[in-house]
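Residue numbers (my numbering): 74 to 382.
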């Protein structure tokens with residue numbers, strides 16, 4: 074039998090556990106106060122004025138002529154801030170924090186701006202430093218930080234501010250599941266990209282994924298286009314076959330691979346090897362080893378099937 078004191082401890086523990094289970098997580102707040110550092114004694118950088126806010130209707134006011142990609146990926150809000158060095162106020166650093174419509178949209182705009190083979194940084198879900206620009210993505214937030222130069226001190230300063238912003242983005246941090254569908258072997262580092270539209274240059278193909286590989290000293294691409302249904306996938310496949318035929322030589326059909334497969338040439342893209350399987354179109358660009366193309370397509374399909382994508 075339990076003594077009354079022990080029983081009270083047990084009941085208190087159960088009550089505490091219940092209260093912990095009912096705790097509501099604080100909603101993510103996309104505001105300058107929550108995301109940006111303020112002037113503090115130990116911090117060498119301080120705000121040079123108040124942050125500015127932009128949305129999809131006013132983004133052109135800030136990046137005139139360059140807003141279209143952000144809008145296509147679903148930018149909803151932007152916090153723009155400028156920091157200056159306390160002892161050298163002429164040194165300025167620009168911090169832009171974008172809230173996108175979804176984690177996929179944020180990863181998409183980030184991946185299209187990321188140079189292939191670039192140096193990665195340990196910020197957010199994924200980040201890079203290139204030619205004086207620090208970028209990282211975390212969930213539906215995309216961040217760019219541009220210090221006054223591209224030297225080691227500039228990198229350190231950008232990482233200092235980037236680390237603060239990263240720590241204040243209280244959102245889950247994991248890459249889109251589709252990233253893991255692409256084979257690792259021979260893949261060029263940081264080459265996986267998500268394009269919101271116009272895969273292979275055709276509007277009817279919609280958005281999709283692509284990556285670059287080096288095989289026997291020659292680069293080629295690997296792509297995957299998700300469709301809403303298997304019927305939509307085969308419809309897009311047939312439209313693509315028609316477009317290839319318009320370019321000159323008809324596409325050559327391949328038997329025994331997925332629901333349908335073909336090899337052809339698109340003048341603006343190159344030699345394409347395409348397989349339709351389930352609700353996906355997968356294929357390679359400018360890979361002249363068809364056995365390798367078939368194996369890579371199967372690898373992608375097996376991975377998306379395994380994780381239920």
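Even for Gly, the Cβ is constructed at its ideal location relative to N, Cα and C.
Query, Result
"Which value, in whole angstroms, describes the spacing of the CA atoms of residue 122 and residue 219?", "17 angstroms"
"With a threshold of 8 angstroms, are at least 3 pairs of Cβ atoms found where one atom belongs to the region 204-215 and the other to the region 230-242?", "yes"
"DSSP state of residue 214, grouped into three classes?", "strand"
"DSSP state of residue 350, grouped into three classes?", "strand"
"Relative to the C-alpha of residue 217, which candidate in 197, 225 and 224 has its C-alpha closest?", "197"
"Among 293, 312 and 302, which one has its Cα closest to the Cα of residue 276?", "312"
"State the DSSP-derived secondary structure class of residue 164, mapped to helix, strand or coil.", "coil"
"When DSSP labels each residue in this structure, what does residue 120 get in the three-state scheme?", "strand"
"Given a cut-off of 8 angstroms, decide if residue 168 and residue 109 are closer than it, judged by their beta-carbon atoms.", "yes"
"By Cβ distance below 7 angstroms, which residues in the same chain neighbour residue 182 in space, the five residues on each side in sequence not counted?", "142, 143, 146, 173 and 215"
"For residue 211, is the classification buried or exposed, using 16 other Cβ atoms within 10 angstroms of its Cβ as the cut-off for buried?", "buried"
"According to the Cβ coordinates, are residue 348 and residue 256 closer than 8 angstroms?", "no"
"Does the beta-carbon distance from residue 281 to residue 268 come in below 8 angstroms?", "yes"
"Who are the Cβ neighbours of residue 201 in its own chain at under 7 angstroms, not counting the five residues just before and after it?", "187, 191, 192, 193, 194, 208 and 263"
"Once the 5 residues before and after residue 105 are set aside, which same chain residues still bring their CB inside 6 angstroms of it?", "124 and 152"
"Rounded to the nearest angstrom, what separates residue 94 and residue 243 at their Cα positions?", "Only weak support exists for where residue 94 lies, its pLDDT of 42 falling under 50; the coordinates are left without a value."
"Please check the pair residue 330 and residue 297, which I expect to be a contact at CB under 8 angstroms, by giving their CB distance rounded to whole angstroms.", "15 angstroms between Cβ atoms; not a contact."
"Under the DSSP definition of a beta bridge, which residues are partnered with residue 209?", "200 and 216"
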